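The structure appears below as structure tokens.
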Amino acid sequence: MAEDWQESGFGIYVHWPFCTSKCPYCDFNSHVAAEIDQSRWVRAYLHEIDRYAEEVPGRVLTSVFFGGGTPSLMAPETVAAVIERIRHHWPAANDLEITLEANPGSVEAGRFRGYADAGVNRVSMGFQALNDADLKRLGRLHTVKEALAAFDIARSQFDRVSFDLIYARQDQSLADWQAELSQAVSLAIDHLSLYQLTIEAGTAFGDRYDAGKLRGLPDDDLAADMYQATQEICGEAGFEAYEVSNHAKPGAESRHNLIYWRYGDYVGIGPGAHGRLTISGQRYATETPLAPQVWLNQAEETGGESLRRALSRRDQAEEFLMMGLRLTEGLDMRRFERLAGEPLDRRALAHLEDIGMIARDGHRMRVTNAGRMVLNAVITEFLAG
Amino acid sequence: MTDLSHIRNFSIVAHIDHGKSTLADRLIQETKTVADRDMKEQMLDAMDIERERGITIKANTVRLEYEADDGETYILNLIDTPGHVDFAYEVSRSMRAVEGSLLVVDSTQGVEAQTLANVYQAIDADHEIVPVLNKIDLPASDCDRVAEQIEDVIGIDASGAIRVSAKTGEGIHETLEAIVRDLPAPKGDRDAPLKAMLVDSWYDAYLGVIVLVRIMDGVLKKGERVRMMSNNTVHQVDRIGVFRPGMVPVDQLGPGEIGFITASIKQVRDTRVGDTITHEKKGAETPLPGFNPSVPVVFCGLFPVDSAEFEDLRDAIEKLALNDASFSFEMETSAALGFGFRCGFLGLLHLEVIRDRIEREYDIDLITTAPSVIYHVYMKDGEMIELHNPADMPDMSKVDHLEEPRIKATILVPDEFLGDVLKLCQDRRGIQLDLTYAGSRAMVVYDLPLNEVVFDFYDRLKSVTKGYASFDYQMTGYREDNLVKMQILVNDEPVDALSTMVHRDRAEMRGRAMCEKLKELIPRHMFKIPIQAAIGGKVIARETLSALRKDVTAKCYGGDATRKKKLLEKQKAGKKKMRQFGKVDIPQEAFISALKMDG
Ligand SMILES: Nc1nc2c(ncn2[C@@H]2O[C@H](COP(=O)(O)OP(=O)(O)OP(=O)(O)O)[C@@H](O)[C@H]2O)c(=O)[nH]1
Ligand SMILES: C[S@@+](CC[C@H](N)C(=O)[O-])C[C@H]1O[C@@H](n2cnc3c(N)ncnc32)[C@H](O)[C@@H]1O
Ligand code: SF4
Ligand SMILES: [Mg+2]
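Here the protein sequences come in this chain order: C and A. Per this note's numbering, the first sequence starts with residue 1, numbered consecutively. Per this note's numbering, the second sequence starts with residue 1, numbered consecutively.
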């Protein structure tokens, strides 16, 4: 029998944990470092790649993703070495997607050519805002002008270019966002990610928020209106949401993220990277140390994992559900049942359908537009106590 | 055995927080009953809940030996009593065991409602009263004014009132001298048949039931067989002793003495407070007058949030009841809440104390339903039903009329807040009985329905008077009124645990207030929820809780499914703290909070 992960492909995530400065809203595993010995990092990455190649050999690779941090600070040679080694170990799908997250500054843009030569065929650019005042408040180092220039260079180098925006910012009105988004969809090629500013504990914004000093954030109603407006404007421009905050023209979806949401297998390399790997029929969750130096030392010596946990069938089923319901296409309920060993809670299904939060079509289930707005509440209905 | 002339028995009484327990500390210390190094603040308040809330709940007895200025050694038995009105019963029975009272008045505050209530009880018990003005170390202390007030309001001579600081120890020696000088020695006949008053009893995990006794006549010795005169049960006394304040064994107790016995009694319920204990053979013929038992006046349902914990709850309640005869319980089933208990309490503080102890000592999350008083329901066929739970209200067509308990409330309040207090009482269907002034303070007496007071009256009173009012009440009797049962419907389903009895004229207002409160208390759901109040099927108030609009994490989480799942599991756990009614989750605190009135 086919293993569950085979329904959704196989990808490799490579985490680069450094940034030029730390953005005040960011709780990703990113650090500012004075000096980085890239040759050491290359060795560690390669070491890890070799290790995983022995554990999960022969898989047809769908995607590689360089995330961060700011991977556009990596030397093109570093990226090239990693890609080369990966390609050496695993057979690639015809349409292998290799994405790199890039910050849209002028310095980074200078390296785009090198990345393209290394094999990167998709970049995802962190625009975050399309006006300079807000970029400043978000602690970003680039201006709109620089971002647009970087975007042009990227388009000339890569087949596929996407960008990210953060909305529901301080003092942003619905009309402000509608105008900004209209501009964004006219710029976008075939993919864009639109995230709502989330205040995370342990960030500068989080501290300011706790102290009552982060003013002008939208209330729930305004945030809901903004989300709805986002769906409408993107829909009209042909950028339907294929996931809660990701929009693409048909066929232009990020293959890498689809592996996560369709619950495939993925290797996580680098500090703080997560993986899901099926080995001898058992799916494991893997984690690595967060601190760059700790990971680096460990990766060179014994291997960069800090945790490998066997996932129970119920855990897997719930993760599959949680990820799958984010997608507009929804999920196949038979897969849930195969994983969990029991069908989805029938009472919850009936209730959620009754109130119009989910729709069923044969074996498939998906959230409706209304359901997507309250996805957390929908999912908790299905979670076991 | 001590000669009667060298014994003094007294209770320490006062308004809440005026310093009774702290004064007891100093008396214990000054007489060297406890070594200085073993002293701690309010050492008689031994229960966790007493220490935490800084109040006395249970009366405590200590025997002191005092060598007075006259060179003689006296035995002093003091009983420290609680100040809160819910535990007034503890005060009244304590007073029956002694001949005098130290009336403590906080000299920064003056006479308060429980000061008055306690004085009247002391006078009823024929006590000699020694007034003590406490807290003289504080700058706001004003002894002359307070002494004058005692004379004006209470009408007892306060010229000799002792001025003390229970904090610094100033005036403690004078207090001891006054006790010896001004309080009467007990009377009693050591050759008469034994008459011991059963003052109190409680359960001890090691010793079983401990009985506090005051010997009126005769002598009680270890090993003797005694008879409880109320039910003629016979027990053998296996321990006898006194509190210093730890338990110290003695061979015998004679007239005028206060001490404890144990006699292999299993349950507190097997002893009756106020009973007379005599010898099995050659016992007394007539018992002592006895005292009225305490009766629960507030009832509510206690249900486990997790219905699987019902048996644990039963166990917890039975254990607590072992030690607290004033708390009653019986099993209850609710359509929505499943199995639980209908419990009766002396007041709301008593309810809170028991609920806290169950939650903490037994680790059970509870849903407490709307507190209620006992209504008398007169049926058309002449039968009278005592209604403890609005959910059990019979069909109105079979009911002739209803009566509700009333109280006489005494409130002392500074002039400037009088208007607010009158308005509050009026809003709660009060009838003014009296209004007098003592200096700049007013004393108002109101006839009020108990159900309007039981719940949040005291909180409201404190808030409208910034804490400057004091309040005391006594039950008076039952009176007919136009009362109806109000139901609450959530998402069109009646929630019996939220049913209350209300006065018809105030039903719309209460209904509206409850619906509004519930709208705040119930979290938004994925669908909109109508909340209605209804009387006999007719809706009198309605609110709509709008649907949850947005609850989605629109952020990039990459491959970290673990973190995302943890967040959702937390959300799920929050839901489990609630009870489901139909499709609606209602938080456990909603059942009480919904009743709190802001006006
Ligand atoms: N400054 C000062 N504080 C005092 C004095 N006597 C008592 N207190 C404080 O007043 C508060 C109440 O004292 P308690 O002895 O617990 O009062 P109580 O009358 O036993 O209270 P209940 O048993 O709850 O009615 C405590 O914080 C004491 O420390 C005093 O003479 N001077
Ligand atoms: C891994 S981060 C990209 C890192 C990249 N260095 C950058 O800043 O452009 C992916 C995206 O998540 C979004 N993001 C980061 N922190 C966020 C937050 N607190 N709330 C909402 N979106 C956030 C940003 O749009 C960011 O581009
Ligand atoms: S948002 Fe991007 S650039 Fe800013 S600190 Fe986070 S990872 Fe680095
Ligand atoms: Mg006390």
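Yeah, the Cβ is synthetic: ideal placement off N, Cα and C, and Gly gets one too. Quick caveat: nothing in here was measured; it's all calculated off a predicted structure.
Distance between residue j and residue i (C-alpha atoms, nearest Å)
| i | j | result |
| --- | --- | --- |
| L253 (chain A) | F260 (chain A) | 9 Å |
| P587 (chain A) | K577 (chain A) | 7 Å |
| Q42 (chain A) | H15 (chain A) | 16 Å |
| I431 (chain A) | V445 (chain A) | 9 Å |
| T302 (chain C) | P289 (chain C) | 13 Å |
| N323 (chain A) | R214 (chain A) | 20 Å |
| E329 (chain C) | W261 (chain C) | 10 Å |
| N389 (chain A) | I374 (chain A) | 8 Å |
| W41 (chain C) | I12 (chain C) | 17 Å |
| T20 (chain C) | S30 (chain C) | 10 Å |
| I540 (chain A) | Q426 (chain A) | 23 Å |
| G599 (chain A) | E516 (chain A) | Confidence at G599 (chain A) is low in this model, with a pLDDT of 44, below 50, so the placement of that residue should be treated as unreliable; the coordinate-derived value is given next. Taking the straight line joining both Cα atoms gives about 13 Å. |
| A237 (chain C) | G251 (chain C) | 15 Å |
| H279 (chain A) | E257 (chain A) | 17 Å |
| I49 (chain A) | A35 (chain A) | 25 Å |
| I154 (chain A) | T115 (chain A) | 9 Å |
| I86 (chain C) | S173 (chain C) | 46 Å |
| D496 (chain A) | T168 (chain A) | 54 Å |
| G439 (chain A) | I411 (chain A) | 15 Å |
| Y473 (chain A) | T31 (chain A) | 36 Å |
| C143 (chain A) | S159 (chain A) | 10 Å |
| E170 (chain A) | V164 (chain A) | 5 Å |
Distance cut-off 6 Å: residue i Cβ against heavy atoms of ligand 1
| i | result |
| --- | --- |
| T56 (chain A) | yes |
| Q236 (chain A) | no |
| S470 (chain A) | no |
| I16 (chain A) | yes |
| K40 (chain A) | no |
| P218 (chain C) | no |
| A166 (chain A) | yes |
| L424 (chain A) | no |
Heavy atom of ligand 2 within 6 Å of residue i beta-carbon
| i | result |
| --- | --- |
| F18 (chain C) | no |
| K550 (chain A) | no |
| K136 (chain C) | no |
Heavy atom of ligand 3 within 6 Å of residue i beta-carbon
| i | result |
| --- | --- |
| C515 (chain A) | no |
| K596 (chain A) | no |
| T399 (chain C) | Residue 399 (chain C) lies beyond the range of chain C shown here (1 to 385); nothing can be said about it. |
| K249 (chain C) | no |
| K555 (chain A) | no |
Proximity test, residue i beta-carbon vs ligand 4 heavy atom, cut-off 6 Å
| i | result |
| --- | --- |
| K135 (chain A) | no |
| S21 (chain A) | yes |
Residue environment, residue i, which counts as buried when at least 16 other CB atoms sit within 10 Å
| i | result |
| --- | --- |
| M606 (chain A) | This structure gives no information on residue 606 (chain A), because the portion of chain A shown stretches from 1 to 599. |
Limits of the unbroken beta strand (DSSP E) element including residue i
| i | result |
| --- | --- |
| A59 (chain A) | From DSSP, A59 (chain A) is part of no beta strand (DSSP E); its letter is neither H nor E. |
| G68 (chain C) | 61–68 |
| T278 (chain C) | 275–279 |
| P292 (chain C) | That residue, P292 (chain C), is in no beta strand (DSSP E); its alpha helix (DSSP H) goes 292–301. |
| I540 (chain A) | 538–545 |
Three-way DSSP call (helix, strand, coil) for residue i in this model
| i | result |
| --- | --- |
| G251 (chain C) | coil |
| F581 (chain A) | strand |
| R169 (chain C) | coil |
| G362 (chain C) | coil |
| G599 (chain A) | Only weak support is given to the placement of G599 (chain A): the predicted model assigns it a pLDDT of 44, under 50, and the value that follows is read from those uncertain coordinates. Coil at G599 (chain A), not helix or strand. |
| K195 (chain A) | strand |
| E337 (chain C) | helix |
| K485 (chain A) | strand |
| M379 (chain A) | strand |
Residue range of the unbroken alpha helix (DSSP H) whose run includes residue i
| i | result |
| --- | --- |
| L424 (chain A) | 418–427 |
| L352 (chain C) | 346–354 |
| R360 (chain A) | 348–361 |
| A118 (chain C) | 112–118 |
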